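These notes concern the structure reproduced below.
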Amino acid sequence: MPVLDGLEATRIIRKDARWRRMPIVAMTAYAMNGDREKCLEAGMNGYISKPVHSAHLLATVEQYIAPVPVAARPVAEEPDENAPMLSAAGSIEGLIPLFLQLAPERLQRLHNAASRSDQIVLSKEAQQILAAADQIAAAAVSKCARRIDEAAQRGDLSKAKHSLLLLEAEIMRLGCRADVPTSPRR
């Protein structure tokens with residue numbers, strides 16, 4: 004970067020208490036000895052060197068959007084219908100296509116768990132989507148995933164299945180707003 008390198012940018016970000024827990028992963032063409040350590044010392048959470056393999060990238064990102072237990076999460080306020088669904092922050096917008104790429108597989112797992120009446124897997128998968136939706140500030144998606152998780156934990160599979168249909172619709176809407184094609188489940 005012409006003005007600020009990633010190490011210095013990370014140090015500046017980490018000085019602000021609001022961003023101390025935000026995951027930062029280096030992606031660099033440099034693969035010199037010690038580069039990984041420099042990134043971690045600067046406050047980054049991880050390091051990926053190029054050439055990047057998509058499976059490794061997806062696994063790394065998913066590692067940092069793992070679910071936080073529902074009880075530990077603040078309850079999101081009802082979103083203003085006129086407010087933009089997504090944050091304007093570029094880093095969040097960059098994660099939306101990745102979220103949408105992973106969503107069909109997660110939705111399929113949710114549908115499979117619902118059809119088997121597997122409350123544990125249903126809750127776990129809903130928590131994964133909830134955590135990822137929170138990371139990209141997709142409030143409506145997050146709300147639907149939270150409803151699935153809560154219904155699964157209560158054993159209310161009918162409510163979970165209904166919320167799953169709403170979740171699918173919200174993810175499709177997210178794809179339209181982000182102008183990213185989403186593939187329907189099948």
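Numbering (my numbering), first residue to last: 4 to 189. Just so you know, even glycine gets a beta-carbon here, dropped at the ideal spot from N, CA and C. What you are looking at is a predicted structure, and each value in this text was computed from that prediction instead of being measured.
| Query | Result |
| --- | --- |
| Does the ligand HEM have a heavy atom nearer than 7 Å to the CB of A32? | This structure does not include the ligand HEM; it has no bound ligands of any sort. |
| Looking only at C-alpha atoms, which of A143, Q131, V144 and K162 sits nearest to S120? | K162 |
| Report, in whole angstroms, the separation of the C-beta atoms of K164 and A117, which I expect to be a contact under 8 Å. | 5 Å |
| Can you find the residues in the same chain that come closer than 6 Å, C-beta to C-beta, to D137, ignoring five residues on each side of it along the sequence? | S145 |
| Where M35 and P26 are concerned, what is the direct C-alpha to C-alpha distance, given to the nearest angstrom? | 23 Å |
| So Q156 and S126 are in contact, right, with Cβ under 8 Å, and what is the actual spacing, rounded? | 6 Å |
| On a Cα-Cα basis, can you pick out the residue from E171, L43, D19 and A32 that is closest to E108? | E171 |
| At what residues does the beta strand (DSSP E) containing M175 begin and finish? | Element bounds for M175: not the beta strand (DSSP E) but the alpha helix (DSSP H), L160 to R180. |
| Should A154 be labelled buried (16 or more other beta-carbon atoms within 10 Å of its own) or exposed? | buried |
| Go through its chain and collect everything with a Cβ distance to E40's Cβ below 6 Å, but skip five positions before and after it. | none |
| In its own chain, which residues sit with a C-beta less than 7 Å from the C-beta of G9, not counting the 5 before and 5 after it? | A29 |
| In three-state DSSP terms, what is P77? | Caution applies to P77, whose pLDDT of 46 falls short of 50 and renders its modelled position unreliable; the model cannot decide the point. |
| Where A141 and L113 are concerned, what is the direct C-alpha to C-alpha distance, given to the nearest angstrom? | 19 Å |
| Report all residues from its chain with a CB closer than 7 Å to the CB of V55; omit the five preceding and five following residues, and keep chain order. | M30 |
| Go to I27, then tell me how far its alpha helix (DSSP H) extends in each direction, as first and last residue. | Looking at the DSSP string, I27 is not in any alpha helix (DSSP H), and its letter there is neither H nor E. |
| Applying the criterion that 16 or more other CB atoms from any shown protein chain within 10 Å of the CB defines a buried residue, is S166 buried or exposed? | buried |
| Between R149 and L133, is the Cβ-Cβ spacing less than 8 Å? | yes |
| From the DSSP output, in three-state form, read off G49 for me. | strand |
| So, with DSSP's three-state summary, where would you put D152? | helix |
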